[in-house]
Amino acid sequence: MMSQMPQLSACPSCEEPLESGDRFCGACGYDLSAVPERPADNPTIVMNGQASPPAGPAGAARPAAEPAAPGRPATVHQPADLQGTDPGGRELPSPAPQSPPSAGSPLSPASGVRFDRPPEPDEYPLQAPDPRIAAELPTPPEGTRVCVACRAGRVDDDGYCENCGHAQPRERDHMEHEAGPVAAVSDRGLRHHRNEDAFSLGCVTLPDGSPATVAIVCDGVSSATRPDDASLAASRVAGEALLAALPAGTHPQQAMHEAIVAASHAVNALAEEPATAREHAPHQNAPACTLVGAVVTSGLLVVGWVGDSRAYWVPVDRSSPPARLTEDDSWAAQMVAAGLMNEAEAYADERAHAITGWLGADAYELEPHTASFKPDRPGVVVVCTDGLWNYAEAAEEMAEVVPLDAAVRPLHGARVLVGHALDGGGHDNVTVALLPFPAPPQGAGSA
């Protein structure tokens with residue numbers, strides 16, 4: 056009971072100052088309810104036939120040093136070396152000698168206090184494989200998913216190793232892909248529990264025999280249900296639509312428009328869930344995502360988007376200024392367009408990233424945006440989610456972090472840009488695709 060607890064000014068274990076009514080020490084976790092009420096007289100501890108001085112302010116006896124004989128250092132008595140008496144003069148039982156607590160023990164090495172549960176590490180290391188067990192396991196058949204921890208056990212359908220039991224990382228936590236001269240990298244980031252971004256890449260040959268490259272990047276709307284499914288469906292459908300339309304002779308800008316419409320239909324279809332699914336989440340809105348894409352040919356650059364994912368143009372020689380190729384469907388962009396705020400003020404507002412356009416069954420109206428450009432020099436098109444451009448918002452800032460060799464090493468460049476976002480804090484999923492302009496001939500992949 057709280058009324059029966061002794062009122063201590065400091066913890067008996069670590070002497071941390073206490074507040075009135077504390078039941079546990081905030082520093083070491085000592086259970087203050089287990090501290091017996093202090094007796095009227097002070098117990099004495101017999102040391103070589105002499106009584107020790109009174110206990111310290113916390114009432115706990117401390118090891119004392121014997122007076123040193125000439126030529127002999129003083130002896131420090133440990134708690135187990137001393138015999139104590141209770142207030143009536145009766146001997147207290149000698150404490151049994153204890154070995155030091157092993158790593159991970161719930162006993163504190165400093166105070167010997169047992170906590171309610173063992174301390175939990177911030178990160179759980181991979182369990183080391185038992186070489187005896189690993190040696191006995193047969194080599195998994197080709198194509199079998201093997202554990203990333205022990206490299207020997209088969210991974211079951213639930214995502215756990217049958218050998219060491221380690222949970223496997225999810226496939227979408229970090230993704231990298233190259234398709235000829237175009238590459239993309241996507242990462243879960245440092246704060247989100249899953250990756251809700253997705254992308255698709257491809258290369259095709261146009262009817263005149265010239266090459267074209269395609270990249271689609273989608274960002275799931277976290278406030279919607281199943282945003283990861285929405286981004287995956289949209290990126291796949293849009294990419295497939297472009298790769299089918301371009302070789303058939305459809306103009307790249309028209310093909311981009313049709314691809315966004317097809318992606319919208321794919322996301323809308325996700326809202327047609329069984330009644331049981333809606334019962335479990337009656338207040339969640341329909342799956343939704345943003346989309347941005349680019350098509351690069353030998354002389355034309357086309358971009359398309361819905362939402363606040365972006366495309367940037369960065370010239371290879373940096374002799375001309377970079378440019379942002381898209382305009383966000385967002386609250387901030389609307390404020391700037393209406394002349395109510397300048398860009399710095401709008402994007403500093405907490406409402407800046409509220410989007411006004413997206414793909415999903417509950418979108419107000421689908422308005423695919425497309426634009427075409429004819430650059431007069433080689434460059435790189437950066438197609439990305441806000442997980443990247445939050446850390447390089449202006450075109451000039453983006454150009455500074457794009458490596459100079461990104462046009463010939465797009466995968467390396469995409470890795471560098473994702474690393475820039477993670478170094479900046481990684482508050483969101485981050486996805487970026489790089490497309491060199493003009494599209495190099497087929498077979499001319501990254502160096």
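Here the sequence shown stands for residues 56 to 502, where the numbers follow the numbering used here. Glycine included, C-beta positions come from ideal geometry on N, C-alpha and C. Note that the coordinates shown come from a computational prediction; the quantities given were computed from them, not determined experimentally.
Problem - Ala317 to Val463 span [Cα, whole Å] - result: 32 Å
Exercise for the section: Taking 9 Å as the cut-off, decide whether the C-beta atoms of Val322 and Ala285 are in contact. Expected result: yes
Handout entry: First through last residue of the alpha helix (DSSP H) which encompasses Ser427
Key = Segment 424-428 is the beta strand (DSSP E) holding Ser427; no alpha helix (DSSP H) there.
Exercise for the section: Using alpha carbons as the reference points, say which of Glu233, Gly257, Arg227 lies closest to Gly244. Expected result: Arg227
Exercise for the section: With Pro282 as the anchor, note down where its alpha helix (DSSP H) starts and where it stops. Expected result: 282-300
Practice task
Kindly indicate the opening and closing residues of the alpha helix (DSSP H) around Ser255.
Solution key: Looking at the DSSP string, Ser255 is not in any alpha helix (DSSP H); the run it does join, the beta strand (DSSP E), is 252-260.
Exercise for the section: Starting from the C-beta of Asp483, find all residues in its chain whose C-beta is less than 6 Å away, skip the five residues before and the five after it, and write them out in chain order. Expected result: Gly244, Gly442
Practice task
Give me whichever residues DSSP pairs with Val361 in a beta bridge.
Solution key: Leu346
Handout entry: Straight-line gap, Asp185 to Asp212 (C-alpha atoms, nearest Å)
Key = With a pLDDT of 44 at Asp185, under the threshold of 50, the modelled position of this residue cannot be trusted, and the question is left open.
Practice task
Look at the Cβ atom of Cys344, then the Cβ atom of Gly415, and state whether they are nearer than 9 Å.
Solution key: yes
Problem - Touch test, the region 241-258 against the region 273-280, Cβ-Cβ under 8 Å, three pairs minimum - result: yes
Handout entry: 8 Å contact criterion, which Val351 and Leu490 should meet: CB distance rounded
Key = 5 Å
Handout entry: Boundaries of the alpha helix (DSSP H) in which Pro465 is found, first to last residue
Key = 465-478
Handout entry: For Pro370, three-class secondary structure by DSSP
Key = strand
Problem - First through last residue of the beta strand (DSSP E) which encompasses Ile271 - result: 266-275
Handout entry: Distance between Val485 and His229 (C-alpha atoms, nearest Å)
Key = 10 Å
Problem - Assumed close pair Val438, Val487 - CB separation to whole angstroms, cut-off 8 Å - result: 7 Å
Exercise for the section: Following the continuous alpha helix (DSSP H) through Ala303, name the residue where it begins and the one where it ends. Expected result: Unbroken run through Ala303: none, as it is neither H nor E.
Exercise for the section: Say whether the region 380-388 touches the region 401-408, bearing in mind that this needs 3 or more beta-carbon pairs closer than 8 Å, one atom from each stretch. Expected result: yes
Exercise for the section: Report back the beta-carbon spacing between Ala314 and Ala296 to the nearest angstrom; my notes put them in contact at under 8 Å. Expected result: 4 Å
Problem - Rounded straight-line distance, which links the Cα of Glu217 to that of Pro423 - result: 48 Å
Problem - Rounded C-alpha distance that separates Pro495 from Gln308 - result: 20 Å
Exercise for the section: Pick helix, strand or coil for Gly442, following the three-state DSSP scheme. Expected result: helix
Problem - C-alpha distance - Leu355 paired with Ala393, whole-angstrom precision - result: 31 Å
Exercise for the section: Could you tell me which of Arg365, Pro493, Asn397 sits nearest to Ala450, measuring between CA atoms? Expected result: Arg365
Handout entry: Met453 beta carbon near the ligand NAP (any heavy atom closer than 8 Å)
Key = What this structure holds is no ligand at all, so the ligand NAP is not there to describe.
Problem - Where Leu87 sits in the DSSP three-state scheme - result: helix
Handout entry: Helix, strand or coil at Arg78 [DSSP, three-state]
Key = coil
Practice task
Select from Arg200, Gly235, Glu233 the residue whose C-alpha is nearest the C-alpha of Pro224.
Solution key: Arg200
Handout entry: Beta-carbon separation (whole angstroms), Val358 vs Leu380, contact threshold 8 Å
Key = 5 Å
Practice task
Can you give me the Cβ contacts of Thr481 inside the same chain, cut-off strictly under 7 Å, excluding the 5 residues immediately before and after it?
Solution key: The sequence shown places Gly at residue 481, not Thr. The residues are Gly244, Leu245, Arg246.
Exercise for the section: Check whether the Cβ atoms of Pro262 and Ser353 lie closer than 9 Å to each other. Expected result: no
Handout entry: Helix, strand or coil at Ser319 [DSSP, three-state]
Key = helix
Handout entry: Pro465 classed as buried or exposed, judged by whether at least 16 other C-beta atoms fall within 10 angstroms
Key = buried
Exercise for the section: Please list, in chain order, all residues of the same chain as Ala326 whose beta carbon is under 7 Å from its beta carbon, the five residues on each side excluded. Expected result: Ala341, Pro342, Ala416
Exercise for the section: Give me whichever residues DSSP pairs with Glu452 in a beta bridge. Expected result: Paired residues: none, contrary to the question.
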